[in-house]
Amino acid sequence: MTPPQTASIADLAARHVTTISRGIHQKAVAAEKASENGAKKSRLDLQSLPTRQYLDQTVVPALQQALSVLSKERPPDPIEFLATFLLKNKSQYDGSSGAGPS
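Residues 12 to 113 in the numbering used here are what the sequence shown lists, from first letter to last.
So, in structure tokens, the structure goes:
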């Protein structure tokens with residue numbers, strides 16, 4: 012009877028590294044898909060919120076900041092100032108996190 016063949020340490024290590032690499036790749040792909048699904052779900056969640064919650068999460072933080080600046084500066088054309096402020100600072104509030112500018 013012959014003894015069972017054993018793989019060399021290098022072969023075992025190579026298989027282990029390959030297995031780990033596949034696992035890391037699969038996790039990265041899964042995380043990317045989850046992120047995409049999370050963004051879609053977030054948009055759907057916003058659409059299903061009651062009006063007050065929707066506004067509180069999407070518009071109110073930007074408006075509070077804009078109105079605060081507006082009340083301090085008191086420009087001659089407050090509507091134009093408000094519109095310009097909101098457009099200029101829109102990127103700080105995109106994502107609907109409710110967080111203000113950093």
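By construction, the Cβ of each residue, glycine as well, lies at the ideal position given by its N, Cα and C atoms.
Since we're looking at a predicted model, the values are computed, not measured.
Per-residue DSSP class, three states only, for residue i
i, result
"R85", "coil"
"L66", "helix"
"S19", "coil"
"I35", "helix"
"D56", "helix"
"P72", "helix"
C-beta atoms of residue i and residue j nearer than 8 Å
i, j, result
"L55", "Y65", "no"
"A77", "L97", "yes"
"L81", "P89", "yes"
Residue i burial status per 10 Å Cβ neighbour count (16 or more: buried)
i, result
"A73", "buried"
"A94", "exposed"
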